[in-house]
Amino acid sequence: MLTKIISRSAAYTMVMLLIYYLLNATMSGTVWADMVISKSALTVEYCEFNDVRRFFHQSMNTYSNLVYFFFGVFVCQLARYDQKNGTLQAPNRMQAFPGLSWLLGACFIYLSFGSAFFHASLTWVGQRVDMNGTYGLSLTLLCMALYHVFYKIDFSANAKRWAIAIVSLSILLFYEIALLVSSSILLPVLILTTWLLIIINYIQFRRERSVLFAISSLVFIVVALKIRTLDVQKIGCDPHSLYQGHSVWHLLAGLSSFCTYAFFRFTPPPKTTF
Numbered sequence: 478m479l480t481k482i483i484s485r486s487a488a489y490t491m492v493m494l495l496i497y498y499l500l501n502a503t504m505s506g507t508v509w510a511d512m513v514i515s516k517s518a519l520t521v522e523y524c525e526f527n528d529v530r531r532f533f534h535q536s537m538n539t540y541s542n543l544v545y546f547f548f549g550v551f552v553c554q555l556a557r558y559d560q561k562n563g564t565l566q567a568p569n570r571m572q573a574f575p576g577l578s579w580l581l582g583a584c585f586i587y588l589s590f591g592s593a594f595f596h597a598s599l600t601w602v603g604q605r606v607d608m609n610g611t612y613g614l615s616l617t618l619l620c621m622a623l624y625h626v627f628y629k630i631d632f633s634a635n636a637k638r639w640a641i642a643i644v645s646l647s648i649l650l651f652y653e654i655a656l657l658v659s660s661s662i663l664l665p666v667l668i669l670t671t672w673l674l675i676i677i678n679y680i681q682f683r684r685e686r687s688v689l690f691a692i693s694s695l696v697f698i699v700v701a702l703k704i705r706t707l708d709v710q711k712i713g714c715d716p717h718s719l720y721q722g723h724s725v726w727h728l729l730a731g732l733s734s735f736c737t738y739a740f741f742r743f744t745p746p747p748k749t750t751f
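Now the structure itself:
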């Protein structure tokens, strides 16, 4: 089952890669000319060269967002599988609530397009959509962790629908909240709170949780933050290189988020004793 899901996700991602390539090859940067430039572009926040002649002002930082698209398609297929195979007798709490997986998959895809829009255009509205996608992903993972820590609360089918609606509305509200609270404060609070809940849930269900996924999630995000910082500080920076630190940030941040999801979604097989 997982092999088919991975293959389909890769195939859809390759199609999107082709579409991106054709857009970048056939359109020019004049498409964005009348839009307000982002503060990031004015301060040259990232290492990659801002080629205003190209449709993708920052090509590598735009293409690399397809990693979020891959994970989004992957998670949506898992959600479809869980929904199709029933939720009443689901092996774990995550599989019993496929709506959460659908929402997370949608957030991955939303972030993929939002961040690509930002790095392609380097516009103010693009930056806001990019950050809203980031908050959407982080907020959904936080709610997922809360759902598992408070496992004694039994959600009816109707309650699950309301929960998805409320989280979706909260994501939209963060579009405005982001203007009131700095991302350097709000985003770490969301991530650290999620991590605290992961630790609590691991203590609650040690035999049903993979410590490998938990540790991988932490390692990926710590390394990602370090690489992103080096990119912003222009350390080891080559604006015209195929290697861009911010592109690696996209990859590692995506992997970290997926590992957090996998921590809840996949139950490790029981240990065999002899």
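For the sequence shown, the positions run 478 to 751 when this note's numbering is used. By construction, the Cβ of each residue, glycine as well, lies at the ideal position given by its N, Cα and C atoms. Bear in mind that the values here come from a model prediction, so they are computed numbers and not experimental data.
Does the Cβ of residue i have 16 or more other Cβ atoms within 10 Å, making it buried, or fewer, making it exposed?
| i | result |
| --- | --- |
| N562 | exposed |
| S484 | exposed |
| F627 | exposed |
| R570 | buried |
| G731 | buried |
| Q604 | buried |
| H717 | exposed |
| T503 | exposed |
| A510 | exposed |
| Y498 | exposed |
| I677 | exposed |
| R742 | buried |
| I496 | exposed |
| V666 | exposed |
Confirm the yes/no value for this check: CB of residue i, any heavy atom of the ligand NAD, distance under 8 Å.
| i | result |
| --- | --- |
| Y587 | Judged by which ligands are present, the structure shown has none, so any question about the ligand NAD falls away. |
Going by CA-CA distance only, name the one from the options that's closest to residue i.
| i | options | result |
| --- | --- | --- |
| I662 | H723, Y612, I677, A640 | Y612 |
| S724 | F741, L702, V644, F740 | L702 |
| I688 | I675, I698, V700 | Before going on, a small fix: residue 688 reads as Val here, not Ile. For the residues I675, I698, V700, the minimum Cα distance to V688 belongs to I675. |
| G506 | E525, Q535, T490 | Q535 |
| F740 | V709, D715, G713, R683 | R683 |
| I668 | E653, A510, A691, V508 | A691 |
| W707 | Q721, V696, F697, L695 | It is worth fixing the name first, because residue 707 is Leu in this sequence and not Trp. When each option's Cα is compared against that of L707, the closest is Q721. |
| S694 | P665, L580, T670, L729 | L729 |
| E697 | S733, R705, Y498 | Residue 697 is actually Phe in this sequence, not Glu. Looking at the Cα atoms, S733 is the closest of the given residues. |
| L581 | A487, S517, E653, A642 | A642 |
| G610 | L657, L664, V709, I482 | L664 |
Under the assumption that residue i contacts residue j (Cβ atoms under 8 Å), give the Cβ distance between them as a whole number of angstroms.
| i | j | result |
| --- | --- | --- |
| L616 | F651 | 7 Å |
| A593 | T539 | 5 Å |
| F574 | Y624 | 7 Å |
| T480 | F547 | With 8 Å as the limit, T480 and F547 do not qualify as a contact, their Cβ atoms being about 15 Å apart. |
| L599 | T737 | Not really, about 29 Å apart at Cβ, beyond 8 Å. |
| M608 | A655 | 5 Å |
| G515 | W601 | Before going further, note that residue 515 is Ser rather than Gly in the sequence given. Indeed they touch by this definition, with Cβ atoms about 5 Å apart. |
| V550 | S578 | 12 Å between Cβ atoms; not a contact. |
| M512 | E525 | At roughly 19 Å, the Cβ-Cβ gap does not stay under 8 Å, so M512 and E525 are not in contact. |
| W726 | I704 | 6 Å |
Is the stretch 552-560 in contact with the stretch 525-534, if contact means three or more CB pairs nearer than 8 Å?
no
Counting Cβ pairs, one atom from each stretch, are 3 or more of them under 8 Å apart for the stretch 538-549 and the stretch 585-592?
yes
Length at least 4, wholly inside the stretch 547-575: the alpha helix (DSSP H) runs in chain order:
none
Could you give the uninterrupted runs of the alpha helix (DSSP H) lying entirely in the stretch 627-674, keeping only those of 4 residues or more?
634-657
Could you tell me which uninterrupted alpha helix (DSSP H) segments, each at least 4 residues in length, are contained entirely in the stretch 574-630, listed from first to last along the chain?
575-598, 601-626
Secondary structure, alpha helix (DSSP H): runs of 4+ residues fully inside the stretch 504-533:
516-519
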